[in-house]
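Peer 1:
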Amino acid sequence: MKPSATLTLLTLLATGCAVGPDFQPPSVAVPQGWHAQSAQPDTDQAAVGDLTRWWQGFNDPILDSLIARAWEKNLDLRQAEARIRQARAVSAGAVAGLWPSLDATAGYRRSRSSSDGTTVHSDLYQAGFDASWEVDIFGSTRRGMEAAEADLRAAIDGRRDLMVSLTAELAGNYVSLRSLQQRLDIARRNLAVQEQSVELTRRRQQGGFTSGLDVAAAEGQAAVTAAQLPLLASAIDQAIHGVGLLLGEQPAALFAELAPPALPPPVPPVFPVTLPADLVGRRSDIRRAEALAHAATARVGVAEAARYPRVVLPGSIGFQNSSSGELFSWPNRIWSVGPSISWALFDAGALRAGVEKQRAVLDEAVLAYEQTVLTALHEVENNLVAAAREEERGRELVRAVAANKKTLALATRLYREGQVDYLSVLDAQRALYSSEDTLAQSHRSQAGSVIALFKALGGGWQQEK
8 MKPSATLTLL TLLATGCAVG PDFQPPSVAV PQGWHAQSAQ PDTDQAAVGD LTRWWQGFND
68 PILDSLIARA WEKNLDLRQA EARIRQARAV SAGAVAGLWP SLDATAGYRR SRSSSDGTTV
128 HSDLYQAGFD ASWEVDIFGS TRRGMEAAEA DLRAAIDGRR DLMVSLTAEL AGNYVSLRSL
188 QQRLDIARRN LAVQEQSVEL TRRRQQGGFT SGLDVAAAEG QAAVTAAQLP LLASAIDQAI
248 HGVGLLLGEQ PAALFAELAP PALPPPVPPV FPVTLPADLV GRRSDIRRAE ALAHAATARV
308 GVAEAARYPR VVLPGSIGFQ NSSSGELFSW PNRIWSVGPS ISWALFDAGA LRAGVEKQRA
368 VLDEAVLAYE QTVLTALHEV ENNLVAAARE EERGRELVRA VAANKKTLAL ATRLYREGQV
428 DYLSVLDAQR ALYSSEDTLA QSHRSQAGSV IALFKALGGG WQQEK
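Under my numbering, think of the first position of the sequence shown as 8, with each following residue one higher.
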């Protein structure tokens, strides 16, 4: 066969068909808009910044700093980066399968033989190169490359999804910390008022205007409020520990920075700027699920190709002689070349079962993709409703706090004047403390819903450099 014809044949063999299905992105029906749209603020009154840095809408420099440091130091993120490097290495190794392998060999062998009572010793020196190339006729290597590239995309999107979760978790923990500090301040202020009431009831008892019952009731209410302080202080310490863990720090590393009390940041008004159809392309967990489905599709092709013949082109060239001094003389050259074909003619159905297994893996991956999309839609709808309803609840609680403050002031004045018993003051104190504490918790819930909404919309990751 002429060299040109041989080269043409090898080219045709190398560019043969790739068996197995070609990947088609799964199709999932999504609504045209959000069902909870009516529960959102008017769009002309709402403001949404860049989804990739949504937390800046809280206008809290400390939160901004914490998130920047978490992106750099969080141990889960660093593990994800290591997984990306692993996937890149696997992808590079898969590409190498398209190329021939070349090995250098060298050897020496001394042997003894006997013939007609005569002992003969002989030496054999050998040096050369061995090459081998598996022709990818049915696309096993190319499908393996395709799967490895999809796995790499999945690893990258896995890290992005981790960034989204980390950012939301850190923002939520930070807002919870500030909310706990606010609740501790509310409890202390209410305790101070209640201790004043204890002194008031004691003076009135000493003056003969009331009985010891009022004193006992006032002291009991103050003790109940005081009992809340250690619980809140413990929760604050644990919240600081949690923030430190997300930053890859020791438990006490952030106390100097976060222990000084501060009010919770104001919750930014939001509305979804991402349509349901855009959500599929934006959420990193959905893209990761698609990449995994792509990898599973390619591996069906790898399993299919294993059922077809394998063609390998081995070859070797070198020198061989009984004397090392004359080893590399041209007459001592040796070479060999020739194709080899292997084909599993009978394996009791093992290869076919391997194909069926990979098809089942593909079915699972497609269903997982559909589940991920459906979960994403539910998360957005739920948090849209939660954020809007919690905002309404907060407005009512603000009015309740204002009314309860007036009630307590009036009840205290009337009690001083002897027009009401202390039960009225006690009820007013309880109502005020409860409404103030509930308002603080409502603010935290509203912030949590907004944070969860931004997370559900796919905000909180940036492109790798």
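Every residue, glycine too, gets a C-beta built ideally from N, C-alpha and C.
#1: Just the Cα atoms here: how many angstroms apart are His301 and Thr174?
#2: Determine the DSSP secondary structure at Ile477, reduced to helix, strand or coil.
#3: Which value, in whole angstroms, describes the spacing of the CA atoms of Ser331 and Pro316?
#4: In whole angstroms, what is the alpha-carbon distance linking Asn180 and Ala246?
#5: State yes or no: is the C-beta of Val405 within less than 8 Å of the C-beta of Leu446?
#6: Any idea what DSSP makes of Arg314, helix, strand or coil?
#7: In whole angstroms, what separates the C-alpha of Ala463 from that of Glu388?
#8: How about Arg295 and Asp158: are their beta carbons less than 8 Å apart?
#9: Using the Cα positions of Glu424 and Ala229, report the straight-line distance between them to the nearest angstrom.
#10: May I have a chain-ordered list of the beta strand (DSSP E) segments no shorter than 3 residues that lie completely inside the segment 294-377?
#11: Pull up the CB-CB distance for Leu369 and Ala303, whole angstroms please, since I reckon it's below 8 Å.
#12: When burial is assigned at 16 or more other CB atoms within 10 Å of the CB, is His385 buried or exposed?
#13: Once the 5 residues before and after Gln453 are set aside, which same chain residues still bring their CB inside 7 Å of it?
#14: So for Gly401, helix, strand or coil by DSSP?
#15: If you follow the alpha helix (DSSP H) that Ala233 is in, where does it begin and where does it stop?
#16: Decide yes or no for the touch test of the segment 76-94 against the segment 132-147: beta carbon pairs closer than 8 Å, at least 3 of them.
#17: Of the residues Gly40, Ala224, Ala94, Ala111, which one's Cα is nearest the Cα of Ala161?
#18: Looking at the C-beta of Gln133, does it have a partner C-beta in chain C at a distance below 8 Å?
#19: Nearest CA to the CA of Asp192: which residue from Trp468, Ala101, Asp444, Gly227?
#20: At a cut of 8 Å, does the segment 210-228 reach the segment 420-439 through at least three beta carbon pairs?
#21: Taking contact to mean at least 3 C-beta pairs separated by less than 8 Å, is the segment 253-267 in contact with the segment 143-151?
#22: What did DSSP end up calling Ser139 once you bin it into helix, strand or coil?
#23: Identify every residue that forms a DSSP beta bridge with Leu109.
#24: If we ignore side chains and look at the alpha-carbon of each, how far apart do Ser336 and Gln86 end up?
#25: How is the alpha helix (DSSP H) around Gly455 delimited, first residue to last?
#26: Using DSSP with H/G/I as helix, E/B as strand and the rest coil, what is Ser34?
#27: Would you decide whether Thr50 is buried or exposed? Buried here means 16 or more other CB atoms lie within 10 Å of its CB.
#28: Indicate the three-state DSSP secondary structure (helix, strand or coil) for Leu131 in the structure shown.
#29: Which value, in whole angstroms, describes the spacing of the CA atoms of Val182 and Ile458?
#30: In terms of residues, what are the limits of the alpha helix (DSSP H) holding Phe65?
#31: Give the range of the alpha helix (DSSP H) segment to which Arg290 is assigned.
#32: Determine the direct distance from the alpha carbon of Glu377 to that of Pro33, and round the result to whole angstroms.
#33: Rounded to whole angstroms, what's the CA-CA distance from Leu439 to Gly165? Just pull it up for me.
#34: Quick one, which of Ser323, Ile163, Leu73 has its alpha-carbon nearest Ile91's?
#35: Just list the residues that DSSP pairs Tyr115 with in beta bridges.
#36: Quick one: Cα of Ser442 to Cα of Ser218, how far?
Peer 2: Quick answer:
#1: Taking the sequence shown and counting its residues from 1, the one referred to as residue 301 is at position 294. Taking the sequence shown and counting its residues from 1, the one referred to as residue 174 is at position 167. Cα to Cα, the separation comes out at about 28 Å.
#2: As shown, the chain starts at 8 and ends at 472. That puts residue 477 outside it, with no answer to give.
#3: Walking along the sequence shown from the start, residue 331 turns up at place 324. Walking along the sequence shown from the start, residue 316 turns up at place 309. Ser331 and Pro316 have their alpha carbons spaced roughly 41 Å apart.
#4: Numbered from its first residue, the sequence shown carries residue 180 at position 173. Numbered from its first residue, the sequence shown carries residue 246 at position 239. Taken atom to atom, the span from the alpha-carbon of Asn180 to that of Ala246 is near 7 Å.
#5: If you number the sequence shown from 1, residue 405 lands on position 398. If you number the sequence shown from 1, residue 446 lands on position 439. A contact, by the Cβ cut-off of 8 Å.
#6: Walking along the sequence shown from the start, residue 314 turns up at place 307. Reduced to three states, the DSSP call for Arg314 is coil.
#7: Translated into the one-based positions of the sequence shown, residue 463 becomes position 456. Translated into the one-based positions of the sequence shown, residue 388 becomes position 381. Here the C-alpha atom of Ala463 lies approximately 9 Å from the C-alpha atom of Glu388.
#8: In the sequence shown, counting from the first residue as 1, residue 295 sits at position 288. In the sequence shown, counting from the first residue as 1, residue 158 sits at position 151. Note that the C-beta distance between Arg295 and Asp158 is not below 8 Å.
#9: What you label residue 424 is simply residue 417 of the sequence shown in a count that begins at 1. What you label residue 229 is simply residue 222 of the sequence shown in a count that begins at 1. Within the model, the alpha-carbon separation for Glu424 versus Ala229 is close to 22 Å.
#10: Uninterrupted beta strand (DSSP E) stretches at least 3 residues long and entirely within the segment 294-377 occur at 317-328, 340-344, 347-349, given in chain order.
#11: As a position in the sequence shown, residue 369 is number 362, starting the count at 1. As a position in the sequence shown, residue 303 is number 296, starting the count at 1. Your pair Leu369 and Ala303 checks out as a contact, with CB atoms roughly 4 Å apart and the cut at 8 Å.
#12: Numbered from its first residue, the sequence shown carries residue 385 at position 378. That one is exposed.
#13: Against the sequence shown, residue 453 aligns to sequence position 446. Answer for Gln453: Val274, Ala394, Glu397, Glu398, Gly401, listed in chain order.
#14: To locate residue 401, count along the sequence shown from 1; it is residue 394. Note: Gly401 maps to helix in three-state DSSP.
#15: Looking up residue 233 in the sequence shown gives position 226. That run of the alpha helix (DSSP H) goes 219-253.
#16: Verdict: no, contact absent.
#17: On the sequence shown, position 154 is the one that residue 161 refers to. Of all alpha-carbon atoms in Gly40, Ala224, Ala94, Ala111, the one lying nearest the alpha-carbon of Ala161 is that of Ala94.
#18: Given the protein chain composition of this structure (a single chain), no chain C is represented.
#19: As a working note, residue 192 is residue 185 in the sequence shown. Ranking Trp468, Ala101, Asp444, Gly227 by CA distance to the CA of Asp192 puts Asp444 first.
#20: Flag = yes, the segment 210-228 and the segment 420-439 touch.
#21: The segment 253-267 is not in contact with the segment 143-151.
#22: Here the question's residue 139 lines up with position 132 in the sequence shown. Looking at Ser139 - three-state DSSP - the assignment turns out to be strand.
#23: Within the sequence shown, residue 109 is the residue found at index 102, counting from 1. Ala138, per the DSSP bridge assignment.
#24: By 1-based counting over the sequence shown, the position of residue 336 is 329. By 1-based counting over the sequence shown, the position of residue 86 is 79. Near 56 Å, if we compare the C-alpha coordinates of Gln86 and Ser336.
#25: Indexing the sequence shown from 1 puts residue 455 at position 448. First-last of the alpha helix (DSSP H) with Gly455: 429-463.
#26: For this step, residue 34 is matched to residue 27 along the sequence shown. The answer is coil: DSSP assigns Ser34 none of H, G, I, E or B.
#27: Residue 50 sits at position 43 when you count from the first residue of the sequence shown. No answer about Thr50 holds up, because its pLDDT of 43 lies below 50 and its placement is not dependable.
#28: Stepping through the sequence shown from its first residue, residue 131 is reached at position 124. The DSSP-derived three-state label of Leu131 is strand.
#29: For this step, residue 182 is matched to residue 175 along the sequence shown. For this step, residue 458 is matched to residue 451 along the sequence shown. Cα to Cα, Val182 sits roughly 10 Å from Ile458.
#30: Locating residue 65 in the sequence shown gives position 58, counting from the first residue. No alpha helix (DSSP H) contains Phe65, which DSSP labels as neither H nor E.
#31: Along the sequence shown, one-based indexing puts residue 290 at 283. First-last for Arg290: undefined, no H or E at that position.
#32: Residue 33 sits at position 26 when you count from the first residue of the sequence shown. Residue 377 sits at position 370 when you count from the first residue of the sequence shown. Spanning the two alpha carbons is a distance of roughly 8 Å.
#33: Position 432 of the sequence shown, counted from the first residue, corresponds to residue 439. Position 158 of the sequence shown, counted from the first residue, corresponds to residue 165. Take the alpha-carbon of Leu439 and the one of Gly165: they are about 47 Å apart.
#34: Residue 91 sits at position 84 when you count from the first residue of the sequence shown. Minimum Cα distance to Ile91 is reached at Ile163.
#35: Position 108 of the sequence shown, counted from the start, is the residue given in the question as residue 115. According to DSSP, which records beta bridges pairwise, Tyr115 is partnered with Tyr132.
#36: As a working note, residue 442 is residue 435 in the sequence shown. As a working note, residue 218 is residue 211 in the sequence shown. Each residue's alpha carbon lies about 29 Å from the other.
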